[in-house]
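Trainee:
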Amino acid sequence: MDSDPSILVSVIVLLISLLLAVMFTLTEYSLIRSRQSALRAIQKDQKKPSKKVDLALHMTKHLNEYLSTAQTGITLTSLIIGWLGEDSASKFLENSGIFSFLGGQTEDVVASIVGILVFTFVHAVFTDLVPKNIAIDEPVKVLLNIARPVSFFHVLFFPLIWLFDRTAAAISNLLGFKTATDEDIYSPNEIISLTKTSAQAIDSEVDEEDASFMQRAFEMNDKVASDVMVDRTSMSVVDVDETIADALLLYLEEQYSRFPVTADNDKDKIIGYAYNYDIVRQARIDDKAKISTIMRDIVSVPENMKVPDVMEEMSAHRVPMAIVIDEYGGTSGIITDKDVYEELFGNLRDEQDDEDDEMIKKLGDDTYQIVGKISLYDLEDFFNTKISQFDEDDAVTLAGFIQNNYPEMRKGDTVAVENDDYKFEITANDYEDAYIKFFTVKKTEKEHKSDEDSEEKNNDEE
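Residue 436 in UniProt numbering sits at position 436 of the sequence shown; the count goes up by one each step and never skips.
(1) In this structure, what does DSSP give as the bridge partners for residue 442?
(2) Mind checking which residues open and close the alpha helix (DSSP H) that includes residue 314?
(3) Check whether the region 216–234 touches the region 247–259, taking contact to mean three or more Cβ pairs, one atom from each stretch, closer than 8 Å.
(4) Answer yes or no: do residue 242 and residue 285 have a C-beta to C-beta separation smaller than 8 Å?
(5) Checking 8 Å against the spacing of the C-beta atoms, do residue 31 and residue 59 come in under that value?
(6) According to DSSP, what are the bridge partners of residue 375?
(7) Closer than 8 Å is the cut-off here; do at least three beta carbon pairs connect the region 398–411 with the region 326–341?
(8) For residue 454, which residues from the same chain have a beta carbon less than 8 Å from its beta carbon, with the 5 sequence-adjacent residues on both sides left out?
(9) Does DSSP classify residue 73 as helix, strand or coil?
(10) How is residue 486 classed by DSSP in three states: helix, strand or coil?
(11) Could you check whether residue 150 and residue 77 sit closer than 8 Å to each other, using their CB atoms as the reference points?
(12) Which one of 368, 298, 310, 332 has the shortest CA to CA distance from residue 465?
(13) Out of 364, 276, 246, state which residue places its alpha-carbon closest to the alpha-carbon of residue 257.
(14) For residue 131, tell me which candidate among 74, 364, 437, 240 has the shortest Cα-Cα distance.
(15) Taking 8 Å as the threshold (C-beta atoms), are residue 283 and residue 248 in contact?
(16) Tell me the DSSP bridge mates of residue 284?
(17) Give the secondary structure of residue 82 by DSSP, where H, G and I count as helix, E and B as strand, and everything else as coil.
(18) Count the CB pairs spanning the region 225–240 and the region 363–383 that are closer than 8 Å, and state whether there are at least three.
(19) Is it buried or exposed, residue 227, if we count other Cβ atoms within 10 angstroms and call 16 or more buried?
(20) Helix, strand or coil for residue 267? Go by DSSP, reduced to three states.
(21) With three or more C-beta pairs closer than 8 Å as the rule, is the region 299–307 touching the region 319–335?
(22) Starting from residue 409 and walking both ways along the beta strand (DSSP E), at which residues does that stretch end?
(23) Could you name the residues of the same chain whose beta carbon sits closer than 8 Å to that of residue 147, not counting the 5 residues immediately before and after it, in chain order?
(24) I'd like the span of the beta strand (DSSP E) that includes residue 325, first residue to last.
(25) What do you reckon, are the CB atoms on residue 239 and residue 262 nearer than 8 Å?
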């Protein structure tokens, strides 16, 4: 077997290219998987700032640039491996005489094919799959170990990277696509999806309660005051001209901690609120005094104000309650700090809450007792569905929707709303003062349209 110095040189260049390809693959996946928060935590634990950690943080902050470095390196090393690998393998196989029994051109062709297969296997397994698995398993550790050499190649490849990025951006813009930036962030839905996936993972620091809390937080940002308020029909109020004794009786009966104060017994003229502690304390001093003596200031917010903004407004004025005003200037309802907290933490039951106040109570299979004051938003959220009839109506609550669309409905009457997937039969459980407090809702899955069409066709034929 003749020795060929060129084979040795090619093998050395190939080994170097393979090692560099491994490094660039590690770079790509470790950059994508490493979190800045994890790197900051490592830096915080250091006795003195680590330049290596700072460099890794810099790389994650300029993700596109360093991903381009990795991709450029992978492309160049792949070209070198493909260029030299097949030729070196072919020469080695020819010189070894393994396929000499084939003779002539057949030996050369077979040696070339085997060489391509061998280096395809080596390239795929050792420079892509294995490094990828390592980087995904320990992204931060890998990134810290390769940060310095990658930084060197980033400088070395910079002219090529600049040219590639500008060309790619121009072509993307020409095709009508937005160019990705380092500031691109996850959408709320993506964050919720990632959180839920993380909660389901074994040994995860995120549990399902965390995921649920995060989902409620994002949903709260989309809600407005009218979605979470107590509507005016459910409000218990006290008039400014009533006495402390009257207010005390109302408190003992209703057990609310605060009552809006009206003028002229008109819910559209709310001028403040009375606190139960003030009512009880003043009753011991002079229960004949007017409510105006203990009345506190209240703020007003429009129906379409976002819930976080409502909370900010209440906090700025140091009040726990706000009046929600409709487009005509009348009172639509009230919103309290507890209503907002329940949007984040779920139903918060205190010692004054009645079990009958539970918004939704399961009665049986797909059958529920639901209070009339539940918002249509929360009702859709509970059943995880959308009902177009709700969107087309101005009502905020289920009772309001029924009043608007089925004003003749009385106790025992049933109406139905539906979408493509489900039918909801809504039955009134009571009727008092033109208001329905409780409904029974039965959910049934709809038949497919194809089945209905075939039945109609059969009926027509008969």
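Think of the CB as a built atom: it goes at the ideal place given N, C-alpha and C, for glycine as much as any other residue.
Since the model is a prediction, treat every value here as computed from it, not as a measurement.
Mentor: Answer, in terms of the structure:
(1) Here the question's residue 442 lines up with position 442 in the sequence shown. In DSSP, residue 442 forms a bridge with 367, 425.
(2) Locating residue 314 in the sequence shown gives position 314, where the first residue counts as 1. Counting along the chain, the alpha helix (DSSP H) containing residue 314 begins and ends at 307–316.
(3) no
(4) Locating residue 242 in the sequence shown gives position 242, where the first residue counts as 1. Locating residue 285 in the sequence shown gives position 285, where the first residue counts as 1. The answer is no: Cβ separation not under 8 Å.
(5) Taking the sequence shown and counting its residues from 1, the one referred to as residue 31 is at position 31. Taking the sequence shown and counting its residues from 1, the one referred to as residue 59 is at position 59. In contact: residue 31 and residue 59 (Cβ atoms closer than 8 Å).
(6) Stepping through the sequence shown from its first residue, residue 375 is reached at position 375. Bridge partners of residue 375: 397.
(7) no
(8) The residue you call residue 454 lines up with position 454 of the sequence shown. The predicted model places residue 454 with a pLDDT of 48, which falls under 50 and marks its position as unreliable; any figure quoted below should be read in that light. Once the five neighbours on either side are set aside, residue 454 has no close Cβ partner at all.
(9) Here residue 73 refers to the residue found at position 73 of the sequence shown. If DSSP states are grouped into helix, strand and coil, residue 73 belongs with the helices.
(10) Look at the range of the chain in this structure, 1 to 462, and you will see that residue 486 is not part of it.
(11) As a working note, residue 77 is residue 77 in the sequence shown. As a working note, residue 150 is residue 150 in the sequence shown. No.
(12) Only positions 1 to 462 of the chain appear in this structure, which leaves residue 465 out of reach.
(13) Translated into positions along the sequence shown, residue 257 becomes position 257. Closest option to residue 257, Cα to Cα, is 276.
(14) Your numbering for residue 131 matches position 131 in the sequence shown. Of the candidates 74, 364, 437, 240, the one whose C-alpha sits nearest the C-alpha of residue 131 is 74.
(15) Residue mapping note: residue 248 aligns to position 248 of the sequence shown, counting from 1. Residue mapping note: residue 283 aligns to position 283 of the sequence shown, counting from 1. A contact, by the Cβ cut-off of 8 Å.
(16) Working through the sequence shown from its first residue, we reach residue 284 at position 284. Under DSSP, residue 284 takes part in no beta bridge, so it has no partner.
(17) Taking the sequence shown and counting its residues from 1, the one referred to as residue 82 is at position 82. Three-state DSSP puts residue 82 in a helix.
(18) yes
(19) Indexing the sequence shown from 1 puts residue 227 at position 227. So residue 227 ends up on the buried side.
(20) Within the sequence shown, residue 267 is the residue found at index 267, counting from 1. Three-state result, residue 267: strand.
(21) yes
(22) Residue 409 sits at position 409 when you count from the first residue of the sequence shown. No beta strand (DSSP E) holds residue 409; DSSP gives it neither H nor E.
(23) Reading the sequence shown from its first residue, position 147 is the one you call residue 147. Answer for residue 147: 52, 55, 56, 59, listed in chain order.
(24) Taking the first residue of the sequence shown as position 1, residue 325 is located at position 325. It spans 321–325 - the beta strand (DSSP E) in which residue 325 sits, taken as one unbroken run.
(25) In the sequence shown, residue 239 corresponds to position 239, counting from 1. In the sequence shown, residue 262 corresponds to position 262, counting from 1. For residue 239 and residue 262, yes; Cβs fall inside 8 Å.
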